[in-house]
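Remarks on the structure that follows.
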Amino acid sequence: MSNLLLVGLNHRSAKLDIRQRASFNADQLPEGLKRLSDRPGILEAMIVSTCNRVEILSNADPLPSGSESIEAFLSDYSGISLPLLSPRLYRYTDDQAIRHLFRVASSLDSMILGEPQILGQVKACYSAAVAAGTVGSYLNGLLQAAFRTAKRVRSETSIGEYSVSVSSAAVELVRKIFGDLQKKSILIVGAGKMGEAAIRYLAETGAKSIYIANRSPETARDLAERFHAMAVPFDEFPEWASRADVIITSTGAPDMIIDPPMVQRIMHDRKNAPVVFIDISVPRNVDPRVGDIDHVFYYDIDDLQAVVEANLNERTKAAAAAEKIVDQEVQAFCTKLKSFDVAPVVVQVQSRIDEICRTELQRSLKKIGPQDPRQIEELESMISRIAGKIAHPLIMQLRNSRDSMDETAYMEMIQRIFKTKQNTD
Amino acid sequence: MGWILSIAMALYALGLLHSIFGFYQKRQGFVKIALGMVACGFAFHTLFLILLGIARWHFPITNLPESLCFLAWCISLTFIAADFRYKLNALGAFILPLVSLLMIFFQVFWDKNRAIPPGLASGWVYFHGSIAFLSYAAFFLTFISGVLYLIQEKELKQKRFRFLYFRLPSLQVCDELFQRSLFVGFIAMTLAIISGAVWAQQAWGRFWDWDPKETAALVTWGIYLFLINCRFSARWRGRRAAYISIIGFAATLFTFGVNWGLHKYL
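First to last, the protein sequences are chains B and D. So for the first sequence, this note's numbering puts the first residue at 576; every next one is plus one. So for the second sequence, this note's numbering puts the first residue at 2; every next one is plus one.
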């Protein structure tokens, strides 16, 4: 029988320095996999190593010997002493290990719930293990199931839809007003660090034009060149503001540089076309009261934070649906595993009963002496009917009890009764 | 023929359920399935109307239930066109309930043995009737997109990032849909009024009679003309335009409902 064993640490169980020391980079993986698979009791193995987790997934001897073997390997490889490492490791077997793997692949165990990179990372680690030849049919099947689960979670829940960084939340917010940004112009007032970050992000949204106004014209020109934007004189920003659909302010000015009367003029020039102010400066550059004007939308850094929180909230909701999908897939995978396990027992039970009946028949025939072939034939067919009738309910019971918990116990009992020895590996 | 109607109704109902579920759960896939179902339902609905027209040997808007059935068909048509173009998750959940409701109403009150009013025995009914109903359906879409705009604008202005913020379309899309449906509706209504006048001239010898429906239609037309004017001059757009569209839709409902005087046959 296969014994799935997962030993690992992640961002919840271990601090960054431990995770760093225990991690394997892409170059170390082949060597690590080789040394891992040379350990006693390890039949198949793969290493999942990302910045937030190091996990060893193996088809190995059951606890504790398999786990000891893996823990010793991790300690040897990372140089972290076992007493320091051991309390930070989690150990999962069989169903639990399957569930954990599925949750990891679906990004339900990630530091940022639903982040999309993890699936690619798991796939890369799997490829490395395949290349190193440490993966057999069991882990193969398991990983395919894990990828399928992750794909289902992506497509059937909205877990990946909500952005959780402030800048992407800002873009999302602007998209809720303007839809597509391709026909929209953006003005950035103040090209400090935050302003630059905003430009870098906005340059990727495909906005029609980006204007940069900065107190020092050199910085503005510099940035404009790098991001295919247009530098405009700082003093003239109010005029440029009426051409922009999105206005981002991030100057170091100690007071408001944009107030309601100015925005009213802008709106008049714009013929009331909607405009969005995003004020990422502290202290604020834009008077919040501009948000009261029709067709003007005003958001400061706290509002953006609120969007991020709302997004995280939605992700958490989507995660509940994702957990259900994981449950289903774990169930499906376990059922499949068990049905593989039942088949050999069925064959063994049948042949054992058959064998007993035939031995007894032979013995009786010897005692009776020579017989008419037709009678022998009849006896043989009777014996095999009896064998079938005894085996049938047992086998049916085995097949039907696949989902119930006591199935293993039942199987073991049958094996004991018929003295069949199971060997499925 | 009844079974074709049943299939159409069943498909609409399934489309409605999928739309609501897709809207609630933010599942694009379900919304797409819903659009497919409504499109199939629409095909059966069309077939039913054709068969009904053949059976009655008349354009099937000869009484109120029939006209509601045809109105449902027009709304489905505008919904399919809008959803196909804009792929809005929210639209089905707001439009399809009315379609299903109209169909149920038709199913319950339809009496196929009712006589055809003699006034309708003219080729004009095809054009005048269908274009008028199309304008009602388009104005319904204007109304819905205006309401969606108002809700989403409120969420955005008040910085409430909740259920509807995530599910309703962007203001821009609401506005585009608003504008297009408004134009389609307005042109259709203009043609309906003109064709009605020409028909009246032929049938009764006068272009205009100030019959209640005519008057109501003219008032409604005036409201939408005002709205288009506002929309173009950029004075009133967004929220205010949406408010006017609500008034306009109320007037449209009134126009549809006034069936006395010369239009008493409905």
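Note that the Cβ used here is the ideal one computed from N, Cα and C, for glycine as well.
Using DSSP's beta-bridge definition, name the partner residues of residue i.
| i | result |
| --- | --- |
| residue 630 of chain B | B:583 and B:623 |
| residue 739 of chain B | Partner(s): none; residue 739 of chain B has no beta bridge. |
| residue 242 of chain D | Looking at the DSSP assignment, residue 242 of chain D forms no beta bridge with any residue, so it has no partner. |
| residue 805 of chain B | B:786 |
| residue 612 of chain B | Answer by DSSP bridge pairing: none, since residue 612 of chain B is not bridged. |
| residue 873 of chain B | B:852 |
| residue 761 of chain B | B:785 and B:821 |
| residue 617 of chain B | B:635 |
Does residue i pass the burial test, meaning 16 or more other C-beta atoms within 10 Å, or should it be called exposed?
| i | result |
| --- | --- |
| residue 23 of chain D | buried |
| residue 10 of chain D | buried |
| residue 961 of chain B | exposed |
| residue 944 of chain B | exposed |
| residue 25 of chain D | exposed |
| residue 76 of chain D | buried |
| residue 677 of chain B | buried |
| residue 58 of chain D | exposed |
| residue 878 of chain B | buried |
| residue 864 of chain B | exposed |
| residue 884 of chain B | exposed |
| residue 824 of chain B | buried |
| residue 194 of chain D | buried |
| residue 258 of chain D | exposed |
| residue 51 of chain D | exposed |
| residue 854 of chain B | buried |
| residue 702 of chain B | exposed |
Once the 5 residues before and after residue i are set aside, which same chain residues still bring their CB inside 6 Å of it?
| i | result |
| --- | --- |
| residue 776 of chain B | 742 |
| residue 980 of chain B | Its pLDDT being 47, under 50, residue 980 of chain B is placed unreliably in this model, and the value from its coordinates should be taken loosely. No residues qualify anywhere along the chain. |
| residue 641 of chain B | 580, 616 and 635 |
| residue 645 of chain B | 582 and 631 |
| residue 40 of chain D | 81 |
| residue 589 of chain B | 663 |
| residue 929 of chain B | 962 |
| residue 254 of chain D | none |
| residue 140 of chain D | 186, 250 and 253 |
| residue 936 of chain B | 958 |
Spatial neighbours of residue i within its chain, please: C-beta separation below 8 Å, excluding the five flanking residues on both sides.
| i | result |
| --- | --- |
| residue 209 of chain D | 198, 201 and 215 |
| residue 774 of chain B | 763, 766, 785, 787, 798, 802 and 804 |
| residue 655 of chain B | 593, 596, 597 and 649 |
| residue 627 of chain B | 585, 586, 594, 685 and 686 |
| residue 172 of chain D | 150, 153, 154, 157 and 239 |
| residue 752 of chain B | 849, 851 and 872 |
| residue 728 of chain B | 681, 682, 683, 734, 897, 900 and 901 |
| residue 56 of chain D | 2 and 113 |
Can you find the residues in the same chain that come closer than 7 Å, C-beta to C-beta, to residue i, ignoring five residues on each side of it along the sequence?
| i | result |
| --- | --- |
| residue 924 of chain B | 966, 969, 970, 989, 993 and 995 |
| residue 15 of chain D | 38 |
| residue 60 of chain D | 54, 126, 127 and 130 |
| residue 230 of chain D | none |
| residue 264 of chain D | 212 and 214 |
Compare the C-beta of residue i against all C-beta atoms of chain E and say whether one is closer than 7 Å.
| i | result |
| --- | --- |
| residue 820 of chain B | In summary, chain E is missing from the structure at hand, where the protein chains are B and D. |
**Asked** What are the start and end residues of each continuous beta strand (DSSP E) run of 3 or more residues lying completely inside the segment 155–234 of chain D, in chain order?
**Response** none
**Asked** Listed in chain order, which residues of the segment 119–150 of chain D have Cβ atoms closer than 8 Å to some Cβ of chain B?
**Response** none
**Asked** Can you list, in chain order, the stretches of the beta strand (DSSP E) that have 3 or more residues and sit fully within the segment 824–871 of chain B?
**Response** 850–854
**Asked** Considering only residues of the segment 635–673 of chain B, which uninterrupted alpha helix (DSSP H) runs meet the minimum length of 4 residues and lie entirely inside it, listed in chain order?
**Response** 640–653 and 657–660
**Asked** Any residues in the segment 151–164 of chain D with a beta carbon nearer than 8 Å to a beta carbon of chain B? Which ones, in chain order?
**Response** 153, 157, 158, 160, 162 and 163
**Prompt:** Which residues, in order along the segment 855–874 of chain B, keep a beta-carbon less than 8 Å from a beta-carbon of chain D?
**Reply:** 866, 869, 870, 872 and 874
**Request:** With 8 Å as the C-beta to C-beta threshold (strictly closer), list the residues of the segment 749–782 of chain B near chain D in chain order.
**Result:** 750, 751, 752, 753, 754 and 755
**Item:** Ordered list of alpha helix (DSSP H) runs contained in the segment 944–976 of chain B, each at least 4 residues
**Value:** 948–975
**Request:** Identify every run of the beta strand (DSSP E) within the segment 73–100 of chain D, keeping only runs that are complete inside it and at least 3 residues long; order them along the chain.
**Result:** none
**Asked** Taking a cut of 7 Å between CB atoms, which residues from the segment 169–185 of chain D lie near chain B?
**Response** 171, 172, 173 and 174
**Prompt:** Which residues, in order along the segment 12–43 of chain D, keep a beta-carbon less than 8 Å from a beta-carbon of chain B?
**Reply:** 26, 27, 28 and 30
**Request:** Could you list the residues in the segment 829–849 of chain B with a C-beta less than 9 Å from some C-beta on chain D, going in chain order?
**Result:** 845, 846, 847, 848 and 849
**Message:** Taking beta-carbon pairs under 9 Å, can you tell me which members of the segment 711–737 of chain B lie near chain D?
**Reply:** 730, 731, 732, 733, 736 and 737
**Asked** Between the segment 877–888 of chain B and chain D, which residues of the former have a C-beta closer than 7 Å to a C-beta of the latter?
**Response** 878, 881, 882 and 885
**Prompt:** Along the segment 238–265 of chain D, what residues have a CB closer than 9 Å to any CB found in chain B?
**Reply:** 238, 239, 240 and 241
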